[in-house]
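Numbering (the numbering used here), first residue to last: 9 to 115.
All C-beta atoms, glycine included, are put in the ideal place defined by N, C-alpha and C.
Below is one structure, written out as structure tokens, with a few remarks after it.
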């Protein structure tokens, strides 16, 4: 998990939620580790613990040839359909693109 990117996402959280997005992150960390990150960095969106990577695999975010999650995001519409999936190690720097995907999912 890249805490630097989560902090950048936190800084733009208002932009995302004003578009109707529900934001959360998924990590392979234990619940204790995830909770520590939330507290330490002041995250106000949930950081879900998925050490077995069931959710990460389900949404196609498992890294190739490694037991780690890829960094990036998935946009899911209100009907539960995946509208965008992007592997992006710098996703916190590309919130405008994420906003574009959120707006498309609403259309």
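Non-local C-beta neighbours of residue 91 in its own chain, meaning closer than 6 Å and more than five positions away in sequence, comprise 83, 85 and 113, ordered along the chain. In this structure, the beta-carbon distance from residue 21 to residue 107 does not fall below 8 Å. In the DSSP assignment, residue 94 falls within the beta strand (DSSP E) that extends over 90-95. A distance below 6 Å between beta-carbons, with the five flanking residues on each side excluded, links residue 16 to the following residues of its chain, in chain order: 100.
When the five nearest sequence neighbours on each side are left out, the beta carbons in the same chain lying within less than 8 Å of the beta carbon of residue 12 are those of 100, in order along the chain.
By the criterion of a C-beta distance shorter than 8 Å, residue 32 is surrounded in its chain by 53, 54, 55 and 56, once the five residues flanking it on both sides are discounted.
For residue 17, the enclosing alpha helix (DSSP H) begins and ends at 11-19. Between the C-alpha atoms of residue 36 and residue 48 there is a straight-line separation of about 18 Å.
For residue 56, there is no enclosing alpha helix (DSSP H); the enclosing beta strand (DSSP E) covers residues 55-57.
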